[in-house]
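Each remark here refers to the structure printed beneath this line.
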Amino acid sequence: METEKLKFGKGKRAREDDEAGGGFGGFEKHTKGVGMKLLQKMGLKAVDLARMRKGFSLVSSPNFAQRTWNEVPMPELQYNVRLVVDSAEFEMERIDRGLSSEEATLERLKEEKERLVVVTERQRKQLYSMGEILSVLDQLEEEEDSTLDSLAIAEQFIELRSRFPENFKLYNLSCIACSYALPLFIREFQGWDPLQNPFHGLEVVSLWKDLLESDQEFTASPYSQLISQVVSPAVRVSVINTWQARDPEPMLRFLDFWENLLPPSFLSYDNIVMPKLSSAVGCWEPLCETVPIHIWVHPWLQYLGHKLEGIFETIRVKLSQVLVAWHPSDASAYTLLAPWKTLFDSANCERLMVRSVVPKLQLILQEFEINPTNQKLDEFYWVMKWASDIPIHLMVDMMERFFFAKWLPILYHWLQASPNFEEIARWYLGWKELLPKELLVNQNIRHQLSCGLEMMNQAVEGLEVVQPGLEENIGYLRVPEQRHFEAQQKPVTQQAAMSFSMDYMSVKEVIEAHAQEHGLLFKPKPGQRHDGHQIYAFGNLSVIIDAIIKRYMLKLRKGGPLYPFKT
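Just so you know, UniProt numbering puts 290 at position 290 of the sequence shown, and the rest follows in order with no gaps.
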């Protein structure tokens, strides 16, 4: 535009100003400080600028632009100076932007240089490692097959893995190592019988396992393939041709040494052990075998676990068939069944006992004769032998219906015949000692024993002995009459009674003495029991005495609970 061009020449007024002394001096006056901005763009500091502050302050002032053209001296020159300044500023900004771009480019080039240095170093190391690996492989290739040894080759590859772990995984050197090992393994394990010589090759196989497994899945590793092609066929042939399931020791010994070296696919045993074991159980004849079946089946529990359930069912069926003709006097049946109690599920185990064992034991107890004068215990021992194996509720029911149903009446009739209490006490304690602990801790059995002890105490106290089940129909003597009768008993009778009921009599005597002193009635309450123990009336209170565990309980009000107390 024309207004943006440099203007030359002076107007009439300008010439008049020069002549009047308002020429260049006036121009300098109005343009002082204009160079300040230029100096700042050139990089000078504020201190330097302050020291050098001269120039065209008026031209750079915002107010200057508002002044009319005619009011400013030498307007053409000032306008041209402004254009020069603006052009210089623009050029300096362009140079500054270019400098920043060049600096960024330089920084990127430095980073790229550093990256290339790292890449170059890595490639140099990689080339070196590849050279070392190829050198080892070339050395193995040059050696003759007859001089190669699987142990030495494994050690060389282990050294390569320790020196160059990344390249060992990157180039899958485990597969290359396996290709060297396979023919050597085939040669070294040729003719090997794992059941006769389970120690053979353990060291070298353990070394190769550590080398070939690495971080791969066990089933997909080169080691797993090596075992499946060399070891597994040898084991399978030996098991099929020589191993007998009734003699598990050779196979178990092999597994003890090799279990940690075999892949999971081998340890399933479905194609190795199970066929032989199932066949042997199917041919098992309990009546003809001299070795119990659990001797050669139980060792496989830790290896086969729930896979043996089908075999267990076959064994259970065979046992039930054998027990049809079994008699309790034959202890071999117990030897056969006892080891399977915890392995058969509870329902099948109870079904087997109910169908095959319990009826025969019940018959023995029914025929068993209780004779205090000439007691034979063989039949009783036959039954008690099963106490820990038959479900407890079945055993208790059998004892209540077929043993105590005879034992208590015999004791009752004996007590009616003016017996020797010392002899009865020994008889009672003797039977109690014959009962297994599984029965003694049962509440129903304890109740039966308590009934017998109650009758014995009644006889010692001079009371009328109540036959079991008839307490409700029998009257009781008052306390004074009881004590008068006891005073007439012989000292030996009292001494015998003390041998089996001292604790029981002591507390009872205290209660009786207290009742007599206060005119209270102390007698059993017909038909009332607590946990199988007789409840006694003591005035308005009710009490029980448990002689077996030495426990005494007191009822403070009618219908109220029983509270334990100590003497």
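Yeah, the Cβ is synthetic: ideal placement off N, Cα and C, and Gly gets one too.
Remember, predicted model here, so these are calculated numbers, not experimental data.
Are F368 and F402 close, meaning C-beta to C-beta below 9 Å? Position 368 of the sequence shown, counted from the first residue, corresponds to residue 368. Position 402 of the sequence shown, counted from the first residue, corresponds to residue 402. Yes, the pair counts as a contact, with Cβ atoms nearer than the cut-off.
Please confirm whether S279 and G310 have their CB atoms less than 9 Å apart. Within the sequence shown, numbered from 1, the residue matching residue 279 stands at position 279. Within the sequence shown, numbered from 1, the residue matching residue 310 stands at position 310. No, they are not a contact pair.
Would you call W258 buried or exposed, if buried means 16 or more other Cβ atoms sit within 10 Å of its Cβ? Residue numbering aside, residue 258 sits at position 258 when the sequence shown is read from its first letter. So W258 ends up on the buried side.
Unbroken alpha helix (DSSP H) runs of length 4 or more, entirely within the stretch 378-448: which are they? 378-384, 392-402, 404-415, 421-434, 437-440
Contact belief for L140 with I153 at Cβ below 8 Å, rounded distance in angstroms: Indexing the sequence shown from 1 puts residue 140 at position 140. Indexing the sequence shown from 1 puts residue 153 at position 153. Right, the Cβ-Cβ distance comes to about 7 Å (below 8 Å), so this counts as a contact.
Does the Cβ-Cβ distance between L304 and Y269 come in under 9 Å? Taking the first residue of the sequence shown as 1, we reach residue 304 at position 304. Taking the first residue of the sequence shown as 1, we reach residue 269 at position 269. Yes, the Cβ-Cβ distance between L304 and Y269 is below 9 Å.
In the stretch 316-359, which residue ranges form an unbroken alpha helix (DSSP H) of at least 4 residues, counting only runs that do not cross its ends? Counting only unbroken stretches of 4 or more residues, the alpha helix (DSSP H) elements lying wholly within the stretch 316-359 are 332-337, 346-352, in sequence order.
Please report the straight-line C-alpha distance between H393 and L449, rounded to a whole angstrom. Counting from 1 along the sequence shown, the entry for residue 393 is found at position 393. Counting from 1 along the sequence shown, the entry for residue 449 is found at position 449. Cα-Cα distance, rounded: 17 Å.
To which residues of the same chain is L336 closer than 7 Å at the C-beta, ignoring the five residues directly before and after it? Position 336 of the sequence shown, counted from the first residue, corresponds to residue 336. Around L336: P286, P292, L319.
Between V441 and M455, is the Cβ-Cβ spacing less than 9 Å? Here the question's residue 441 lines up with position 441 in the sequence shown. Here the question's residue 455 lines up with position 455 in the sequence shown. The answer is no: Cβ separation not under 9 Å.
Given L195, which residues of its chain have a CB within under 7 Å of its CB, disregarding the five upstream and five downstream residues? Stepping through the sequence shown from its first residue, residue 195 is reached at position 195. So the list reads S238, T242, W243, P250, M251, F254, once near-sequence residues are dropped.
Do W208 and residue 602 count as a contact pair if the criterion is CB distance below 9 Å? Given that the chain is displayed from residue 1 to residue 567, the structure contains no residue 602 and the question cannot be resolved.
Cβ shell of H200 (< 7 Å), same chain only, five flanking positions each side left out: Within the sequence shown, numbered from 1, the residue matching residue 200 stands at position 200. Excluding sequence neighbours, H200 sits near W192.
Top-ranked residue by Cα proximity to D330, from K376, I511, K385: Mapped onto the sequence shown, residue 330 falls at position 330. Comparing Cα-Cα distances from D330 to each of K376, I511, K385, the minimum goes to K385.
Kindly list the residues whose CB is nearer than 6 Å to the CB of G539, restricted to its own chain and excluding five residues on each side of it in sequence; keep chain order. Numbered from 1 along the sequence shown, position 539 holds the residue referred to as residue 539. Within the same chain, G539 has close Cβ partners L520.
What separation, rounded to the nearest whole angstrom, lies between the Cα atoms of residue 583 and F90? A query on residue 583 cannot be resolved here, the shown segment of the chain reaching from 1 to 567 and no further.
Going by the CB atoms, is the gap between P339 and H298 shorter than 9 Å? Within the sequence shown, the letter at position 298 stands for residue 298. Within the sequence shown, the letter at position 339 stands for residue 339. A contact, by the Cβ cut-off of 9 Å.
With a 10 Å radius around its C-beta and 16 neighbouring C-beta atoms as the bar for buried, classify C349 as buried or exposed. On the sequence shown, residue 349 is found 349 positions in, with the first residue counted as 1. Buried, by the Cβ-count rule.
Leaving out five residues on either side along the sequence, give the residues of the same chain with a beta carbon under 7 Å from the beta carbon of L411. On the sequence shown, residue 411 is found 411 positions in, with the first residue counted as 1. Correct list, in chain order: G452, M455.
Since I believe I424 is in contact with W414 (beta carbons under 8 Å), could you give me their beta-carbon distance rounded to a whole number of angstroms? By 1-based counting over the sequence shown, the position of residue 414 is 414. By 1-based counting over the sequence shown, the position of residue 424 is 424. So it is a contact: roughly 7 Å between Cβ atoms.
For Y79, which of helix, strand or coil comes out of DSSP? Mapped onto the sequence shown, residue 79 falls at position 79. If DSSP states are grouped into helix, strand and coil, Y79 belongs with the helices.
Within 9 Å, strictly: CB atoms of S265 and S206: By one-based count along the sequence shown, residue 265 stands at place 265. By one-based count along the sequence shown, residue 206 stands at place 206. No, the pair does not count as a contact, with Cβ atoms beyond the cut-off.
For Y128, count neighbouring C-beta atoms within 10 Å of its own C-beta (all shown protein chains included) and say buried if the count is 16 or more, exposed if not. Taking the first residue of the sequence shown as position 1, residue 128 is located at position 128. Exposed, by the Cβ-count rule.
Report, in whole angstroms, the separation of the C-beta atoms of L134 and S174, which I expect to be a contact under 8 Å. One-based indexing of the sequence shown puts residue 134 at position 134. One-based indexing of the sequence shown puts residue 174 at position 174. Cβ atoms of L134 and S174 stay farther apart than 8 Å, at about 17 Å.
Would a check of beta-carbon distances place V281 closer than 9 Å to chain B? Reference to chain B is not applicable here, since this structure consists of a single protein chain.
State the CB to CB distance for the pair F323 and V357, rounded to an integer number of angstroms; the pair is presumed to be in contact (CB under 8 Å). For the purposes of this step, residue 323 is taken as residue 323 along the sequence shown, with counting starting at 1. For the purposes of this step, residue 357 is taken as residue 357 along the sequence shown, with counting starting at 1. Checking the sequence shown, residue 323 turns out to be Leu, not Phe. Correct: roughly 7 Å between the Cβ atoms.
Can you look up M130 in the DSSP assignment and give me helix, strand or coil? Your numbering for residue 130 matches position 130 in the sequence shown. Looking at M130 - three-state DSSP - the assignment turns out to be helix.
Tell me which residue opens and which closes the alpha helix (DSSP H) that H294 is part of. Numbered from its first residue, the sequence shown carries residue 294 at position 294. It spans 293-297 - the alpha helix (DSSP H) in which H294 sits, taken as one unbroken run.
How big is the Cα-Cα spacing for G23 and V84? To locate residue 23, count along the sequence shown from 1; it is residue 23. To locate residue 84, count along the sequence shown from 1; it is residue 84. With a pLDDT of only 48 at G23, under 50, the local geometry of the prediction cannot be trusted, and no value is derived from it.
Report the residue ranges of all beta strand (DSSP E) runs contained in full by the stretch 179-237; include only those spanning at least 3 residues, in chain order. The qualifying runs do not exist here; there are none.
Shortest alpha-carbon distance to V230 belongs to which of L365, P275, R246, L184? Taking the sequence shown and counting its residues from 1, the one referred to as residue 230 is at position 230. Comparing Cα-Cα distances from V230 to each of L365, P275, R246, L184, the minimum goes to L184.
Where does F368 sit, in a helix, a strand or coil, going by DSSP? Your numbering for residue 368 matches position 368 in the sequence shown. Coil at F368, not helix or strand.
Please state if the CB of A387 and the CB of E313 are separated by a distance shorter than 9 Å. Here the question's residue 313 lines up with position 313 in the sequence shown. Here the question's residue 387 lines up with position 387 in the sequence shown. 9 Å or more divides the Cβ of E313 from the Cβ of A387.
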